[in-house]
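Here's the structure we're looking at; comments come further down.
In full-length UniProt numbering, the protein residues as written are 1 to 967.
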């Protein structure tokens with residue numbers, strides 16, 4: 001027997017508040033039920049367990065005698081299973097949250113109490129700092145809310161508390177600059193950037209200071225070298241600019257490239273960054289550098305390049321190459337400078353990932369603890385709208401700091417070639433790509449990206465090829481465009497394929513082709529590569545003997561190309577020819593060749609043409625031909641071939657066999673549908689003609705490519721409607737799960753009370769201005785208007801409007817129903833004892849014609865024939881409602897206002913197509929057209945056509961004029 005134990009709803013005395021901390025001390029002597037208590041409170045997160053692992057006793061131990069002897073055995077007869085862990089504390093004992101000697105447990109508990117009691121204060125302090133200083137102001141509300149919902153059960157020390165808080169805020173914000181750590185962790189204390197760097201002794205940037213801070217020289221190849229190991233105040237740079245220009249910048253002004261060495265630069269104030277950035281831009285073209293948002297003061301500052309008089313003399317400009325060297329010592333404002341030079345596409349960064357120091361952050365101690373919160377107070381937003389979250393600048397070329405200089409010279413030597421390679425790629429695409437307008441745009445965009453410096457990040461052939469390929473894909477949307485690097489000319493660019501020897505032919509057939517005969521005489525052919533046409537012809541006799549002869553007499557063939565990665569396109573016309581008659585020839589596709597600007601029918605498919613870019617080891621693979629479908633005129637070569645039936649590749653063969661089985665049934669399904677139409681459609685001549693035309697379509701292969709019953713049902717429904725010009729003749733697909741909702745609805749005899757309620761709900765009456773009656777009902781109930789029903793209609797409906805001077809019957813929203821109630825409702829509009837032939841109905845299934853008369857004497861009081869009646873109709877008015885409108889219009893008893901009715905039909909028959917989920921719905925009853933045109937399929941036209949929504953107002957206008965004697 002298993003018994004569950006729950007907390008008790010009622011207790012003597014007050015409960016200990018759930019927000020109060022509970023600490024449980026245990027030792028290795030704690031046993032039995034005490035362990036159960038400690039284990040339950042621990043795993044329900046209600047108590048912190050401190051001390052030693054408990055004894056591992058049992059809930060209930062009994063002493064049992066062994067037989068009639070004096071030997072006894074102690075046996076645990078019950079076991080405790082925790083609902084949270086599914087485990088037991090028995091045998092293994094309870095493991096404490098904080099482990100220690102039992103004698104020290106009280107002191108540890110006091111320490112935990114001190115930490116736990118400080119949590120509200122810590123949370124408040126952290127919340128205050130975030131609210132006042134965090135630079136992402138939009139994240140503050142969510143962050144504060146999250147802090148209040150954190151479960152601190154596991155926090156039993158300041159280290160735990162700091163780690164928990166840091167984890168939670170990092171998970172929510174993903175901002176590495178927002179940190180909570182212990183003060184003893186040096187990475188937590190990030191001072192404002194100005195305090196991180198030592199200041200120069202003596203007057204700022206005097207002659208000796210300039211020499212000490214800046215190192216400049218000319219390296220081989222007319223390459224300038226500039227090193228400075230800290231950032232100074234911008235004002236000091238401007239004040240000392242004459243000395244800086246004369247002693248530093250003048251010496252590098254005429255160089256072709258410049259290496260800026262920041263490997264030992266630990267940063268400093270960031271105010272000088274815009275000044276240095278301006279030096280490396282063209283002064284004639286003002287450039288937006290970055291945006292800085294400061295939470296302190298809630299200000300936003302936009303930084304642009306500075307004109308020459310405000311900077312360091314003549315600008316180095318934006319055309320020459322700049323190469324910035326970094327190391328893991330590069331920090332704060334030096335990182336900011338490197339990051340911005342990279343994001344502005346003004347420099348190539350070479351070396352190690354930078355320090356990731358949290359520039360523009362402030363650290364605040366949490367009072368009464370050793371916890372420190374570091375919060376970013378500023379956001380730097382680059383020219384691309386991205387906010388820099390620190391974390392270190394990732395170089396374009398990552399190498400050890402000591403190898404950065406050598407790597408820089410390698411990249412400097414490589415970069416002059418980049419321009420010609422980018423230009424050459426654009427020209428190749430423009431000259432050869434199959435789609436001219438796309439080709440022109442590709443060349444234009446590539447040149448624009450070069451001019452904007454977007455290829456400064458490439459540092460070798462591989463990175464250039466990758467960058468160019470990405471750009472080609474983005475610009476053209478064509479994944480076939482590809483740039484790659486190769487020391488040798490790729491094999492794919494060689495000439496004609498090698499023709500195999502006779503000995504090789506057998507191996508090729510065994511490797512390329514797999515055949516099998518599946519159940520139902522279904523052939524299976526798999527080949528995983530397209531051989532060239534000459535190879536296929538060379539294989540000819542053996543291919544026919546070993547492959548084709550096995551398959552040619554099957555009833556259906558599955559060709560498996562799931563693993564076919566392509567090959568030569570020249571064999572496609574030859575292979576396709578096996579699946580068509582010899583005459584007439586089939587137009588397979590049209591080939592547009594860009595190089596000759598010609599269109600060729602039934603020629604080889606395009607082959608990716610490879611062309612070398614200049615004399616470099618870079619190659620561009622460019623589609624030079626476009627294949628246009630003979631049917632759609634569209635190309636498959638970029639978007640791929642969309643399957644008729646989309647299934648996972650592993651399920652494709654099973655799906656194919658299912659389609660084959662289904663298609664074998666299509667002729668019999670079409671034949672049965674035609675027979676049902678011919679035998680039961682209300683119009684025999686039309687039914688016979690539809691059936692004949694349906695079979696003609698089947699013989700012409702109209703349904704050969706249909707893959708499912710749902711698709712066949714939709715196709716047949718469309719064809720039936722078009723052939724008969726009757727929208728009520730249709731085929732419906734009913735999937736298996738929905739069949740439960742089908743079936744005959746047995747007519748039930750309604751009680752008087754139920755009928756009264758149904759009539760009250762179904763009919764709406766009103767008396768309008770000038771004593772005009774209004775009657776609306778939206779369906780024709782499935783009941784005959786017997787004397788009892790007539791009595792109920794009179795009591796609940798008719799008595800309210802019969803004494804009006806004119807009547808509006810609103811059928812705009814009446815979608816029909818049972819025709820059985822039509823005669824009885826008509827009787828209210830003719831004389832009490834007047835017998836009138838309303839309609840004649842021909843039933844095709846029974847080949848009988850039934851006359852519909854109004855039942856006389858049902859209504860105690862009918863609507864006076866001298867009173868005007870207007871019926872409102874719309875395109876939604878259908879079925880039995882149309883019959884009602886048709887009768888009163890034909891007999892001249894009502895004026896019709898609104899729109900032509902829906903053109904439905906009398907009752908339809910639903911016939912199941914055996915062996916399928918298809919149901920044929922077709923009209924089996926029609927009005928006798930000897931009395932005039934029928935409304936079926938065409939609708940009842942109004943006397944006064946107006947929009948349906950305006951029909952009521954128009955009717956009231958007509959009747960008001962009539963009643964006032966103005967008509």
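Glycine residues also receive a C-beta, built at the ideal position from the N, C-alpha and C atoms.
{"Check": "Compute the distance between the beta-carbons of residue 147 and residue 126, then report whether it is under 8 Å.", "Outcome": "yes"}
{"Check": "According to DSSP, simplified to helix, strand and coil, what is residue 798?", "Outcome": "helix"}
{"Check": "Would you list the residues sitting across from residue 873 in a DSSP beta bridge?", "Outcome": "898"}
{"Check": "In angstroms with no decimal places, state the Cα-to-Cα distance between residue 677 and residue 663.", "Outcome": "22 Å"}
{"Check": "With a threshold of 8 Å, are at least 3 pairs of Cβ atoms found where one atom belongs to the stretch 900-919 and the other to the stretch 696-703?", "Outcome": "no"}
{"Check": "Report, in whole angstroms, the separation of the C-beta atoms of residue 372 and residue 135, which I expect to be a contact under 8 Å.", "Outcome": "Not a contact, Cβ separation roughly 18 Å."}
{"Check": "Can you tell me which of the three DSSP states residue 747 falls into?", "Outcome": "Bear in mind that the predicted position of residue 747 carries a pLDDT of just 44, short of 50, making it too unreliable to give a figure here."}
{"Check": "Tell whether a beta-carbon distance below 8 Å holds between residue 528 and residue 512.", "Outcome": "yes"}
{"Check": "By alpha-carbon positions, which one of 685, 539 and 668 ends up nearest to residue 703?", "Outcome": "668"}
{"Check": "Helix or strand or just coil, what does DSSP make of residue 682?", "Outcome": "coil"}
{"Check": "When the distance is taken between beta carbons, is residue 951 closer than 8 Å to residue 902?", "Outcome": "no"}
{"Check": "If we count Cβ pairs, one from each stretch, closer than 8 Å, do we get three or more for the stretch 803-811 versus the stretch 837-849?", "Outcome": "no"}
{"Check": "Can you give me the start and stop residues for the beta strand (DSSP E) that residue 374 sits inside?", "Outcome": "371-376"}
{"Check": "In the DSSP assignment, find the unbroken beta strand (DSSP E) run with residue 107 in it and report its ends.", "Outcome": "Taken as a continuous stretch (DSSP letters only), residue 107 belongs to no beta strand (DSSP E), being part of the alpha helix (DSSP H) at 105-133."}
{"Check": "Is it a yes or a no for the stretch 311-330 touching the stretch 434-450, going by three-plus beta-carbon pairs under 8 Å?", "Outcome": "no"}
{"Check": "Run through DSSP, which three-state label would residue 485 get?", "Outcome": "strand"}
{"Check": "Roughly how many whole angstroms lie between the Cα atoms of residue 277 and residue 387?", "Outcome": "18 Å"}
{"Check": "Taking just the CA atoms, how far does residue 316 sit from residue 449?", "Outcome": "21 Å"}
{"Check": "Measuring CA to CA, which of 325, 91 and 27 is closest to residue 102?", "Outcome": "27"}
{"Check": "Tell me where the beta strand (DSSP E) around residue 910 begins and ends.", "Outcome": "908-912"}
{"Check": "Mind checking who residue 268 pairs with in its DSSP beta bridge?", "Outcome": "According to DSSP, residue 268 bridges with nothing at all."}
{"Check": "Pull up the CB-CB distance for residue 937 and residue 725, whole angstroms please, since I reckon it's below 8 Å.", "Outcome": "7 Å"}
{"Check": "Considering only C-alpha positions, which residue in the set 406, 410 and 446 is nearest to residue 420?", "Outcome": "446"}
{"Check": "Could you give the distance in angstroms between the alpha-carbon of residue 314 and the alpha-carbon of residue 157?", "Outcome": "59 Å"}
{"Check": "CB-CB under 6 Å to residue 8, same chain, minus the five flanking residues each way: which ones, in chain order?", "Outcome": "none"}
{"Check": "Give me whichever residues DSSP pairs with residue 541 in a beta bridge.", "Outcome": "Answer by DSSP bridge pairing: none, since residue 541 is not bridged."}
{"Check": "Look at the alpha carbon of residue 885 and the alpha carbon of residue 682, and state the distance between them as a whole number of angstroms.", "Outcome": "21 Å"}
{"Check": "Rounded to the nearest angstrom, what separates residue 284 and residue 258 at their Cα positions?", "Outcome": "21 Å"}
{"Check": "Please list, in chain order, all residues of the same chain as residue 656 whose beta carbon is under 8 Å from its beta carbon, the five residues on each side excluded.", "Outcome": "558"}
{"Check": "Does the beta-carbon distance from residue 560 to residue 507 come in below 8 Å?", "Outcome": "no"}
{"Check": "Do residue 398 and residue 348 have their C-beta atoms within less than 8 Å of each other?", "Outcome": "no"}
{"Check": "Using 10 angstroms around the beta-carbon of residue 720, count the other beta-carbons present and answer buried if the total reaches 16, otherwise exposed.", "Outcome": "buried"}
{"Check": "Can the beta-carbon of residue 781 be found closer than 8 Å to that of residue 799?", "Outcome": "no"}
{"Check": "Report yes or no: do three or more beta-carbon pairs, one from the stretch 73-88 and one from the stretch 110-124, lie closer than 8 Å?", "Outcome": "no"}
{"Check": "Three-state secondary structure (DSSP) at residue 400?", "Outcome": "coil"}
{"Check": "How many angstroms separate the CA atom of residue 122 from the CA atom of residue 367?", "Outcome": "8 Å"}
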